[in-house]
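Following UniProt numbering, the numbering of the sequence shown begins with 1 at its first residue and continues without gaps.
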Amino acid sequence: DLLSPRISVLRKYKIQPQTSPNLQMVVLCLAQSIYHHIVCIFPVTVAHWYWKPVSLPSIAPEVPVLLLQLAACLLLFDFLFFLWHLLHHKVPWLYKNFHKVHHKHVSTFALTTQYASVWELLWQGFFTVIGPMLLRCHPLTEMTFFVASIW
C-alpha cells in the first residue's frame, strides 16, 4: 500500500489499483488495531494460557503429520470463517450491528482486514483456537498454525 504508488509494477497486485489509503485511514485502522490488541487480544491470550497451559510432550510430531494437521487447521479455519462471514452478509441484523464497521473503508488496504468490531475479533480468535483443539494437534503444530494463519 505504501510502495504501490511509487513502484508501478506493484499496482497490478492491488485489489483496487486506482485507490490508495490516506494517512487518516491508516492511522484510524492502526489505532483501532492497537486498542483491540491491548484491550481484547492480550487479555484473552493470557486467559487462554491460564486455562490451557502449554505442556510440551517429549516427542514432536513427525513432519508429514505436522504438515497434514497444519493444512487441516488452515482449511477448517477458512471454512468456518467463510461461513461466519457469509452469514454476516446474508443476515441484515448481523451486518448492521456487527459487520458493517469492517466495510467502513471503501479503499482496501492491508490494515482494513484488522478494522473490525470486538464481536468479529473474538469470533476470529475462536475459529483460530478451535481447529487445533478439535483435531487434537500437538502444541508444536498448534503454534505453527498460529504463525501460518497470521502470515
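C-beta: ideal position from N, C-alpha, C; glycine also.
At least three beta-carbon pairs within less than 8 Å, the stretch 116-126 to the stretch 138-147: no
Closest by C-alpha distance to valine 54, when choosing among Ser149, Ala110, Ala148, Met133: Met133
Check cysteine 137 in the structure and name its three-state DSSP category. coil
For chain C, find out if any of its Cβ atoms is closer than 8 Å to the Cβ of tryptophan 51; answer yes or no. In summary, chain C is missing from the structure at hand, where a single protein chain is found.
Excluding the five sequence neighbours on either side, which residues of its own chain have a C-beta within less than 6 Å of the C-beta of glycine 131, listed in chain order? Cys73, Leu76, Phe77
Threonine 45 by DSSP, collapsed to three states: which one? helix
CB of phenylalanine 145 within 8 Å of CB of leucine 70, strictly: yes
Exposure label - tyrosine 115; buried when at least 16 CB within 10 Å: buried
Thinking C-alpha only, which one of Tyr13, Arg6, Val9, Ile7 is nearest threonine 108? Tyr13
With 16 other Cβ atoms within 10 Å as the buried cut-off, status of histidine 48: exposed
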